[in-house]
């Protein structure tokens with residue numbers, strides 16, 4: 069039975085885990101799939117900051133855990149909001165070798181399901197931003 | 629949808645939603661959980677009702693509130709779409725890098741005497 073307070077996504081990628089891993093830790097690679105500008109300090113407590121395509125929205129959080137090349141955990145909230153604590157929601161990505169490729173699994177927790185939401189999590193800016201993206205259908209392409 | 633999300637972008641409103649998630653509660657009961665004025669809570673309730681997050685039932689002079697759980701299911705689906713779009717692009721870009729890496733590696737092999 070799937071939990072209602074998390075979003076889980078899985079994708080098989082025809083690339084080895086060490087290549088996929090870098091797309092979460094290298095700013096130049098991050099912006100090839102998410103955002104237009106990124107600052108990433110890939111160590112626990114390090115900055116995770118991505119300026120989204122709409123520029124006025126900046127995802128800001130910290131790396132929690134990194135295990136090359138199998139796991140990345142980071143938090144994020146939205147910049148510019150004085151009452152969004154670091155760690156509004158948590159994203160956990162695991163990379164498992166699968167033949168010549170990688171099985172990527174993403175778990176995004178901290179959804180606003182009251183019964184299961186942890187105390188203190190804030191979605192003050194994240195949710196309106198998500199609404200905009202969803203209304204547009206998808207994240208605009210960078211290319 | 630956007631209204632629902634904006635309505636949730638507030639700590640107190642999320643707390644209110646938690647309070648009415650399982651049981652219907654009166655406005656007075658809800659207000660008693662907070663340290664702010666009753667009008668301030670009424671304002672929150674109005675925003676949430678306008679956004680479709682909670683339903684209001686009136687009985688005489690009393691107002692009772694309960695959660696619209698389907699709304700939150702919609703939000704979850706939207707987050708799923710957000711990640712689907714991003715991961716699709718990640719897959720494309722990572723696979724491109726993998727092909728480049730393999731090409732370079734095979735060239736190196738051929739150059740060896």
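Protein chains in written order, with this note's numbering: chain A, 69 to 211; chain B, 629 to 741.
Positions of the beta carbon are idealized from the N, C-alpha and C atoms, including for glycine.
Given the structure is predicted, the values throughout are model-derived calculations rather than measurements.
| message | Closer than 9 Å between beta carbons: that is the criterion. Which residues of the region 706-734 of chain B meet it against chain A? | response | 706, 707, 708, 709, 710, 711, 712, 713, 714, 715, 716, 717, 718, 719, 720, 721, 722, 723, 724, 725, 726, 727, 729
| query | For residue 634(B), does the three-state DSSP call read helix, strand or coil? | reply | Shown here, residue 634(B) sits in a helix according to DSSP, grouped into three states.
| residue 89(A) beta carbon less than 8 Å from that of residue 163(A) | yes
| CB-CB under 6 Å to residue 666(B), same chain, minus the five flanking residues each way: which ones, in chain order? | Excluding residues within five positions, the ones whose Cβ falls inside 6 Å are 659.
| request: Give the secondary structure of residue 164(A) by DSSP, where H, G and I count as helix, E and B as strand, and everything else as coil. | output: strand
| said: Give me the chain B residues within the contact set of residue 81(A), using Cβ-Cβ distance strictly less than 7 Å, ordered along the chain. | reply: 719, 722, 723
| field | alpha helix (DSSP H) segments (min. 4 residues) lying fully within the region 646-699 of chain B | value | 655-659, 666-678
| message | Considering Cα atoms alone, identify which of 697(B), 724(B), 729(B) is closest to residue 100(A). | response | Closest by alpha carbon: 724(B).
| Of the choices 702(B), 663(B), 655(B), whose alpha-carbon is the least far from that of residue 679(B)? | With distances taken between Cα atoms, residue 679(B) lies closest to 702(B).
| Do three or more CB pairs link the region 684-703 of chain B to the region 637-657 of chain B at distances below 8 Å? | yes
| query | What residue range is occupied by the uninterrupted beta strand (DSSP E) comprising residue 74(A)? | reply | 74-81
| query | Where residue 159(A) and residue 685(B) are concerned, what is the direct C-alpha to C-alpha distance, given to the nearest angstrom? | reply | 38 Å
| message | Residues of the region 97-117 of chain A in Cβ contact with chain B at a cutoff of 8 Å, in chain order, please. | response | Residues of the region 97-117 of chain A with a C-beta atom less than 8 Å from some C-beta of chain B are 97, 100, 101, 102, listed in chain order.
| task | Taking C-beta pairs closer than 9 Å, name the residues in chain B that residue 173(A) reaches, listed in chain order. | result | None at all; the shortest Cβ gap to chain B is about 10 Å.
| query | Is the beta carbon of residue 81(A) sitting closer than 8 Å to the one on residue 736(B)? | reply | no
| query | To the nearest angstrom, how far is it from the Cα of residue 726(B) to the Cα of residue 167(A)? | reply | 14 Å
| query | Nearest to residue 728(B) by alpha carbon, out of 78(A), 87(A), 76(A)? | reply | Cα-wise, what sits closest to residue 728(B) is 87(A).
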